[in-house]
């Protein structure tokens, strides 16, 4: 396993759950007419993000990275459908809060992760163009725009960072000399997770300024929400700018196998602590998950 916060049995159970959930939702969608409602849009978006979660779950379990690209088509199909429905039901303010990198930390991170996965997996040009269209925000961020521009020449680059407290160190690493980049990339990875806490835009309630997934794995690990804590942003930068990432390979948050399989640490199956209370294996409440997303992304 690449992630040692849980057992192989955990990953097996929840990867199977994700796969079955995707199949179930797809069958429901195929057998019913779409409804132009906010719930319907979020329901389909949840399907899209289930694909992303599945890729991260499989990475954590230790699966072969080369197999992950197959999930991008289903992800993009679902996200596109969600956006088409959403345009008919979301007002201008809601659209802005869902999509603007500058205010929605969750969406910014999602787009950074998707960019990193797309670059690392070398998805086709067609899928890349579809992903860019969905992410939007061209010219909004001095860092993510530059990473995307490594495969989209001529892209407008933002003149500021959307979340400088977290991501300025990565921009510094990109702009540094080749001999300094490895150490600076490592420094970014070491501080990435801690700096994300409370890093969101002040227009959001304080409780919602931390990434929605931040505490997954700390509580109710057996509930199935945890998919790993991977600094894909660093992988995206290493891929886009040819940064030597070897100093990062032993860090538990750095997913180095995305760039070349077999480099990152592998862990034996973890054993539950004796007499530890076991929480029933149930997925995170769908209602609370939807409420969280509807308010934030």
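In the numbering used here, the protein residues as written are 929 to 1225. Ideal Cβ placement from N, Cα and C applies to all residues, glycine included.
On the DSSP bridge assignment, give the partners of residue i in chain order.
i: residue 1144; result: 1147
Which class does residue i belong to by DSSP, given the choice of helix, strand or coil?
i: residue 945; result: helix
i: residue 1196; result: coil
i: residue 1039; result: helix
i: residue 1105; result: coil
i: residue 929; result: coil
i: residue 1068; result: coil
i: residue 975; result: helix
i: residue 996; result: helix
i: residue 934; result: coil
i: residue 1078; result: coil
i: residue 1097; result: helix
i: residue 1188; result: coil
i: residue 1233; result: The question about residue 1233 has no answer here: the residues shown for the chain are numbered 929 through 1225.
i: residue 1119; result: helix
i: residue 1053; result: helix
i: residue 1158; result: coil
i: residue 951; result: helix
i: residue 1163; result: helix
i: residue 1177; result: coil
i: residue 1131; result: coil
i: residue 1083; result: coil
i: residue 1168; result: helix
i: residue 959; result: helix
i: residue 1046; result: helix
i: residue 1092; result: helix
i: residue 1058; result: helix
i: residue 1139; result: coil
i: residue 1183; result: coil
i: residue 1208; result: With a pLDDT of 31 at residue 1208, under the threshold of 50, the modelled position of that residue is not reliable, and the figure given next carries that caveat. Three-state result, residue 1208: coil.
i: residue 1152; result: coil
I'd like to know whether the C-beta of residue i is nearer than 8 Å to at least one C-beta of chain B.
i: residue 990; result: Absent from the structure is chain B; it holds one protein chain and no more.
Let me confirm a value: residue i is counted as buried when at least 16 other C-beta atoms fall within 10 Å, else exposed. Which label applies?
i: residue 937; result: exposed
i: residue 967; result: exposed
i: residue 1024; result: exposed
i: residue 1057; result: exposed
i: residue 985; result: buried
i: residue 1196; result: exposed
i: residue 1032; result: buried
i: residue 1134; result: exposed
i: residue 1034; result: buried
i: residue 1106; result: exposed
i: residue 951; result: exposed
i: residue 1211; result: Residue confidence for residue 1211 is low, a pLDDT of 37 falling below 50, so the modelled location carries little weight and cannot support an answer.
i: residue 992; result: exposed
i: residue 1184; result: buried
i: residue 1015; result: exposed
i: residue 1108; result: exposed
i: residue 1201; result: Annotation note: pLDDT 40 at residue 1201 (below 50); position unreliable, coordinate value reported separately. Per the 10 Å Cβ criterion, exposed.
i: residue 1061; result: exposed
i: residue 970; result: buried
i: residue 956; result: exposed
i: residue 931; result: buried
i: residue 1081; result: exposed
i: residue 1139; result: buried
i: residue 1097; result: buried
i: residue 944; result: exposed
Exercise. Examine the Cβ distances between the region 1142-1155 and the region 1044-1061 and report whether three or more of them are shorter than 8 Å.
Key: no
Exercise. Could you tell me whether the region 1156-1173 touches the region 1106-1120, where touching means 3 or more Cβ pairs closer than 8 Å?
Key: yes
Self-check item: Cβ contact check for the region 1008-1015 and the region 1065-1083: 3 or more pairs under 8 Å
Solution: no
Quiz item: Between the region 1119-1132 and the region 1188-1199, do at least 3 Cβ pairs fall closer than 8 Å?
Solution: no
Practice problem: Could you name each continuous beta strand (DSSP E) segment of 3 residues or more that falls completely within the region 980-1035, going from the start of the chain to the end? | Solution: none
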